[in-house]
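Below you'll find the structure, written out as structure tokens, and then a few comments.
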Amino acid sequence: MDKIPPFQWRNPHQLIRQVGQRIRAHRKARGWTQAELSERAGVSLSTLKLLEREGKGSLQRLAKIAVALDLDGSLRELFSQTPEYASLEEVEATHRPSSKHA
């Protein structure tokens, strides 16, 4: 199984190429061919190949592929306007007034 590569980039070009590499790694981790993922995502095979190889593609197509790979939660974090909390206690602690001892 392919290891999902960490993000290590110095410019936008490297970032988009690494997005493509990570898509490929997630696809392979599921044992899917490019044809299977393109069908599940509703994108053309040539689009998927270009995205995996060069990171090129539209945000809409990236979102479709992320949903097909069950990675849409990761994309959701990019656009979230509210913080994510692990538990009710974390919410309460975050919004609890701080007590100052004089």
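In the UniProt record's numbering, the protein residues as written are 1 to 102. Quick reminder that beta carbons are idealized off the backbone N, C-alpha and C, glycines included. Just so it is clear, the structure is predicted and the values come from calculations on it, not from any experiment.
Ser46, enclosing alpha helix (DSSP H) - first and last residue: Leu45 to Glu54
Under the three-state DSSP convention, the category Lys3 falls into: coil
In the DSSP assignment, find the alpha helix (DSSP H) that holds Ser38 and state where it starts and stops. Gln34 to Ala41
Compute the minimum distance between the beta carbon of Leu71 and the heavy atoms of the ligand MN, and state whether it is under 7 Å. For the ligand MN, the structure offers nothing, since it holds no ligand at all.
Measure the beta-carbon distance from Arg40 to Ala68 and round it to whole angstroms, keeping in mind my assumption that it falls under 8 Å. 4 Å
Are the CB atoms of Leu48 and Leu37 nearer to each other than 8 Å? yes
Is Leu15 helix, strand or coil when you go by DSSP? helix
Taking the beta carbon of Gly42 as the centre, do at least 16 other beta carbons fall within 10 Å, making it buried, or is it exposed? exposed
By Cβ distance below 7 Å, which residues in the same chain neighbour His26 in space, the five residues on each side in sequence not counted? Ile4, Leu69 and Leu71
Do Arg53 and Gly31 have their C-beta atoms closer together than 8 Å? no
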